[in-house]
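Just so we're aligned, residue 7 is where the sequence shown starts under the working numbering, counting upward by one. Down below is the structure, laid out as C-alpha cells.
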Amino acid sequence: MTEQPHAILTVSAMAKADAFAIEQGVSGWRLMQMAGRQAAQAIMDRWAPRPTVVLCGPGNNGGDGWVIATSLSSAGWPVEVCSLATPSELQGDARRASERWGGEVRTLGACDLSGFGLVVDALFGAGLNRPLEGEAARLARDSQSHDGVCVAIDTPSGLSGDLTPMDGPVFRSDLTVTFHRYKQAHLLSPARAQCGEVVLCDIGIPEGWSEAAPSCATVNHPDLWPIPGADVQTDAHKHSRGRLCVLAGGYGATGAARLAARAGQIGGAGFVTLLSGQGALNEIASASDSLVARSYESAEDFADVLGAHRASAAVMGPGAGVNDRLKAKVRSALCQEIPLVLDADALSVFEDEPEALFEGLHDQCVLTPHAGEFARLFPDLTGEATDATKIERARQAAMRSGAVIVFKGADTVIAAPDGDVRVNVHASPRLATAGTGDVLAGLIGAFLAQGESAYDAASAAVYVHGDAGRRLGVGSSVDTVLAQLPHALDCVASQQLRKAALRRLMRAPV
Numbered sequence: 007m008t009e010q011p012h013a014i015l016t017v018s019a020m021a022k023a024d025a026f027a028i029e030q031g032v033s034g035w036r037l038m039q040m041a042g043r044q045a046a047q048a049i050m051d052r053w054a055p056r057p058t059v060v061l062c063g064p065g066n067n068g069g070d071g072w073v074i075a076t077s078l079s080s081a082g083w084p085v086e087v088c089s090l091a092t093p094s095e096l097q098g099d100a101r102r103a104s105e106r107w108g109g110e111v112r113t114l115g116a117c118d119l120s121g122f123g124l125v126v127d128a129l130f131g132a133g134l135n136r137p138l139e140g141e142a143a144r145l146a147r148d149s150q151s152h153d154g155v156c157v158a159i160d161t162p163s164g165l166s167g168d169l170t171p172m173d174g175p176v177f178r179s180d181l182t183v184t185f186h187r188y189k190q191a192h193l194l195s196p197a198r199a200q201c202g203e204v205v206l207c208d209i210g211i212p213e214g215w216s217e218a219a220p221s222c223a224t225v226n227h228p229d230l231w232p233i234p235g236a237d238v239q240t241d242a243h244k245h246s247r248g249r250l251c252v253l254a255g256g257y258g259a260t261g262a263a264r265l266a267a268r269a270g271q272i273g274g275a276g277f278v279t280l281l282s283g284q285g286a287l288n289e290i291a292s293a294s295d296s297l298v299a300r301s302y303e304s305a306e307d308f309a310d311v312l313g314a315h316r317a318s319a320a321v322m323g324p325g326a327g328v329n330d331r332l333k334a335k336v337r338s339a340l341c342q343e344i345p346l347v348l349d350a351d352a353l354s355v356f357e358d359e360p361e362a363l364f365e366g367l368h369d370q371c372v373l374t375p376h377a378g379e380f381a382r383l384f385p386d387l388t389g390e391a392t393d394a395t396k397i398e399r400a401r402q403a404a405m406r407s408g409a410v411i412v413f414k415g416a417d418t419v420i421a422a423p424d425g426d427v428r429v430n431v432h433a434s435p436r437l438a439t440a441g442t443g444d445v446l447a448g449l450i451g452a453f454l455a456q457g458e459s460a461y462d463a464a465s466a467a468v469y470v471h472g473d474a475g476r477r478l479g480v481g482s483s484v485d486t487v488l489a490q491l492p493h494a495l496d497c498v499a500s501q502q503l504r505k506a507a508l509r510r511l512m513r514a515p516v
C-alpha cells in the first residue's frame, strides 16, 4: 500500500481502482478472495469462534460475504449463511464464491439474529445510495439491540460510503473491514461512530491506480509535513526561531490568550509576546513568570504594533471580545501580511460581513472555526443549505476565503485554498473541554512563526494537538493538554526522524 497510502476515495474512485486492477491482470475473483479472507482474518484476530451468521447481498459485497463464511467455517467456526438472493440468482464472481460454500443457505426472512454471537453484514456496503427496505431493514433495526458482535464489510449497510443522505435504518457495527483505501464514511462524523473500529486491508491493487482513481482528500499524517524545530540548528537563538505575538483580551479576559501563548512557547517559537492593554499587564504577569506581556495604545494601528515587535506570526481572537475594536485590529493586522491565525472572537466578529474579512485574507492566514463559527462565516455551506460533506464544505470555504480553514471537531478537516484537503482523526473526545481550541491556535502560530507554510503548520498542529489529547485520562483539563504537548511533539518528531533515517539507509549504496 505504498502509493498514496493516506488517500481517501469516493465510492466511484474505488470502483475505478478495482477496474484498474482488473485491466492490469488482477482478476475480480482474486480481489474478492483477498477481501473475504482478510475480513475473516480480522474477525478471527479479535474474537474466539462463536455461532456466526453471514448476511450476503446480491452483489460483490455479498460475494465477499460468501468468502468470509467459507474461510471462517474452514477454521472451525460454526457458520450459517442467510442470503438476499438465491445462489442461482447470483452472477459472476459472487456466484462463484457461493458455489464454494458447502453449507445450508437460508433467506433473510428466516434469519433471527438473537441466535448468533457474531453477525457479518455483507449485504450492500459503501455503494448503496438508497434506504434499506424489507428484510434488510428489519435486520438492521434488530442489529441495534443485538447483544452479540456485529461486523460490517466495507461500510455498515444503510450507510453510504460517500455519505449520501439516506433516511433509513443502518446496521450497527463493532468492526468495519474496508479495502484498499478509506472512504469518507469511515472518517467523518457521525458516520464514523457507526462504523466502530475500522480496519483497512490491502487486497493487491497494483501501483499506478491513483491516476485512474484520484482521491477526494487525504488522512492527516506525519508523513505529509515536518514538525518545525524538531532538529534545531546548533547556532539557533530565540530570535532565529521566530517571534510570535498573541493578542490578549482586556483585564479579566486574558486566560484564553495566555493558553495560546503557552502553547506557542511549547511549540517552539523562540520569543512569544502577549500584546495587551495597559490594564491587563499585571494580570498576565501574575499568572506566569514565563509569559512576556507588552502594552500598546488602543489608538495605535495594529499593523504598526506587530511591526514594532518584529512579529514572524500572530494569533488573534482567543478571549479578545466581539467588538468593533477587534474587527479593526484584524483588518489592520492583515495589512502587515505576516502569517496570521484567526480564532474564536476574531471570526465571530465578522458574522455580519464575512466578505470584509475574506477580502483581506492571504494564503498564510489560518482560520480555525468550530461548527458554530463556520456557520457564521459560511451560512450557505451549513445545515440544510447544503448536502455536501464536511470535506467539500471546508474545501469550498478555503477556496472562497483564500485562507487555510481548520474546521474543528472530532473529524477536524484542514483545507487549503488550492483545493487540497486533509482529514484528522488522530485525536480524542477528551479534547472537548474549554481552552483546548486556544491551545491549538497557539500551536499553529508557533509553527507559522518558525517558517512553516500555513497548510502544513495547521495540519501538523492539529495532529500533535490530537496526539496530546490521546494521552489524557479521566479528570483531564486544558492544563493537562499543555502538559502533554511536549510528549506529543517529541513522539511525532522522533517518529519522523526514524523514518527519515530508515529512508537514507535504504538509499545508501551497498
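A virtual CB, placed ideally from N, CA and C, is assigned to each residue, including glycine.
_Span of the alpha helix (DSSP H), counted from its first residue to its last, around Asn67_ = 66-80
*Would you kindly report the start and end of the unbroken alpha helix (DSSP H) that includes Thr442?*
442-455
_Beta-carbon within less than 7 Å of Met40's beta-carbon, same chain only, minus the 5 sequence neighbours each way: which residues are those?_
Ile209, Gly210
*State yes or no: is the C-beta of Val470 within less than 8 Å of the C-beta of Leu265?*
no
*Hey, how far is the Cα of Gly389 from the Cα of Gly276?*
42 Å
*Going by beta carbon distance, what residues of the same chain come within less than 7 Å of Ala422, once the five residues before and after it are set aside?*
Ala404, Val410, Tyr461
*asked:* Along the chain, where does the beta strand (DSSP E) containing Ile159 start, and where does it finish?
replied: 155-159
_Pro360 versus Leu383 - alpha carbon distance_ = 6 Å
_Going by C-alpha to C-alpha distance, which of Glu306, Gly481, Val225, Asp70 sits closest to Pro11?_
Val225
*Out of Cys497, Trp83, Trp72, state which residue places its alpha-carbon closest to the alpha-carbon of Arg102.*
Trp72
*Could you pull out every residue in the same chain whose Cβ sits closer than 6 Å to the Cβ of Arg106, ignoring the five residues on either side in sequence?*
Thr76
*With DSSP as the reference, label Leu22 as helix, strand or coil.*
One detail in the question is off: residue 22 reads as Lys in this sequence, not Leu. If DSSP states are grouped into helix, strand and coil, Lys22 belongs with the helices.
*Option in Val484, Lys335, Asp153 with minimal Cα separation from Met322*: Lys335
*Under 8 Å Cβ to Cβ from Val484, same chain only, skipping five residues before and after it: list those, please.*
Leu265, Thr439, Ala440, Gly441, Thr442, Asp444, Val445
_Counted within 10 angstroms of its Cβ, other Cβ atoms place Thr16 as buried (16 or more) or exposed_ = buried
*asked:* Quick check: what's the CA-CA separation for Leu508 versus Ala13?
replied: 23 Å
*asked:* Within a Cβ cutoff of 6 Å, which residues of the same chain sit near Gly63, ignoring the five residues on either side of it in sequence?
replied: Leu90, Leu129, Phe130
_Distance CB(Ala319)-CB(Ile159) smaller than 8 Å_ = no
*Under 8 Å between C-beta atoms of Leu134 and Ser163*: yes
*Minimum C-alpha distance to Leu206 - residue among Ser292, Thr161, Pro175*: Thr161
*Take Ala81 as the anchor and find which of Ala54, Gly313, Arg36, Pro175 has the nearest alpha-carbon.*
Ala54
*Taking Cβ to Cβ, would you say Arg249 is nearer than 8 Å to Gly274?*
no
*With a 10 Å radius around its C-beta and 16 neighbouring C-beta atoms as the bar for buried, classify Arg316 as buried or exposed.*
exposed
_Whole beta strand (DSSP E) elements within the region 95-120, 3-residue minimum_ = 111-113
_CA-to-CA distance, Asp369 to Pro196, given in whole angstroms_ = 30 Å
*Note down the Cα distance separating Gln271 from Leu495, rounded to an integer number of angstroms.*
12 Å
*At which residues does the alpha helix (DSSP H) containing Arg510 begin and terminate?*
484-513
*Could you tell me which uninterrupted alpha helix (DSSP H) segments, each at least 4 residues in length, are contained entirely in the region 351-436, listed from first to last along the chain?*
351-354, 360-364, 377-383, 396-407
_CA-to-CA distance, Val419 to Leu96, given in whole angstroms_ = 41 Å
_At least three beta-carbon pairs within less than 8 Å, the region 338-358 to the region 277-287_ = no
_For the alpha helix (DSSP H) containing Cys341, name the first residue and the last one._
330-342
_Presumed contact (8 Å Cβ cut-off) between Leu114 and Glu141, rounded CB distance_ = 4 Å
_Own chain residues within Cβ distance below 7 Å of Ser301, not counting five before or after_ = Ser282, Gly283, Gln284, Leu287
*Can you list, in chain order, the residues of its chain whose CB lies under 7 Å from that of Asp148, leaving out five sequence neighbours each side?*
Leu119
*Local conformation of Phe308 per DSSP, three classes*: helix
_Measuring only the C-alpha atoms, how far is Ala293 from Gln502?_
35 Å
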